[in-house]
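Remarks on the structure that follows.
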Amino acid sequence: MTTYTGTGSFPAAIAFDGTNMWTANENDNGNLGSATKISPTGVVSTYTGTDYRPDGIAFDGINMWTANNWGSGATKISSTGVTTSYRDPAGTADPAGIAFDGTNMWTVDTQDGSVMKILPTGIMTKYSMPSGARPIAIAFDGINM
Numbered sequence: 130m131t132t133y134t135g136t137g138s139f140p141a142a143i144a145f146d147g148t149n150m151w152t153a154n155e156n157d158n159g160n161l162g163s164a165t166k167i168s169p170t171g172v173v174s175t176y177t178g179t180d181y182r183p184d185g186i187a188f189d190g191i192n193m194w195t196a197n198n199w200g201s202g203a204t205k206i207s208s209t210g211v212t213t214s215y216r217d218p219a220g221t222a223d224p225a226g227i228a229f230d231g232t233n234m235w236t237v238d239t240q241d242g243s244v245m246k247i248l249p250t251g252i253m254t255k256y257s258m259p260s261g262a263r264p265i266a267i268a269f270d271g272i273n274m
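Going by our numbering, the first residue of the sequence shown is number 130, and it counts up by one from there.
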């Protein structure tokens, strides 16, 4: 077992991009949060443009994405480190989990019990879940979310 330091404050989630391990760090960078990439050789790189409090992280085959619990959306981190944030147009989302279905990114909102689909174009569509639902994570099984 190897321990790596420098992953940021309060890592909340971890993902693999085929080469590197990544963490979503909730309380890093003055509450803005960050994502950290750890290479196979142990090189640690931190990306600070993830928006507020990333709670989830997922890989889409090209880019890494964070679900930003206080940021009302998700942030895409390109392979070159450029960050692009996508926010719920209503500003009411508090996403916690994030997953990729082969085409779209999906987040779940623990506050209002919704699911948000983010198209490759960045267009977001919010879907309500049954009353009382409070999802904290989401996954793709090859057919369904």
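Ideal placement from N, C-alpha and C gives every residue a C-beta, glycine not left out. Since we're looking at a predicted model, the values are computed, not measured.
Anticipated Cβ contact below 8 Å, residue i with residue j, distance rounded
i, j, result
"T108", "G210", "The shown model of the chain, from 130 to 274, leaves out residue 108, and the question about it has no answer."
"M234", "A187", "7 Å"
7 Å Cβ cutoff met for residue i and residue j
i, j, result
"T236", "P249", "no"
"Y181", "W199", "yes"
"S163", "T179", "yes"
"R216", "G202", "yes"
"G137", "N149", "no"
Run of the beta strand (DSSP E) containing residue i, from where it starts to where it stops
i, result
"G190", "Unbroken run through G190: none, as it is neither H nor E."
"A142", "140 to 145"
"M253", "253 to 257"
"S243", "243 to 247"
"A153", "150 to 154"
Same chain, Cβ closer than 6 Å to residue i, neighbours up to 5 away in sequence not counted
i, result
"T143", "Reading off the sequence shown, one finds Ile at residue 143, where the question assumed Thr. Once the five neighbours on either side are set aside, the close Cβ partners of I143 are T152."
"D189", "F229"
"T239", "A225, R263, I265"
Spatial neighbours of residue i in its chain, beta-carbon cut-off 8 Å, leaving aside the 5 residues before and after
i, result
"S243", "A222, V237, K255, Y256, S257, M258"
"T213", "T204, K205, S207, G251"
Item checked: alpha helix (DSSP H) segments (min. 4 residues) lying fully within the region 166 to 234 -> For the region 166 to 234, not a single whole alpha helix (DSSP H) run of length 4 or above is found.
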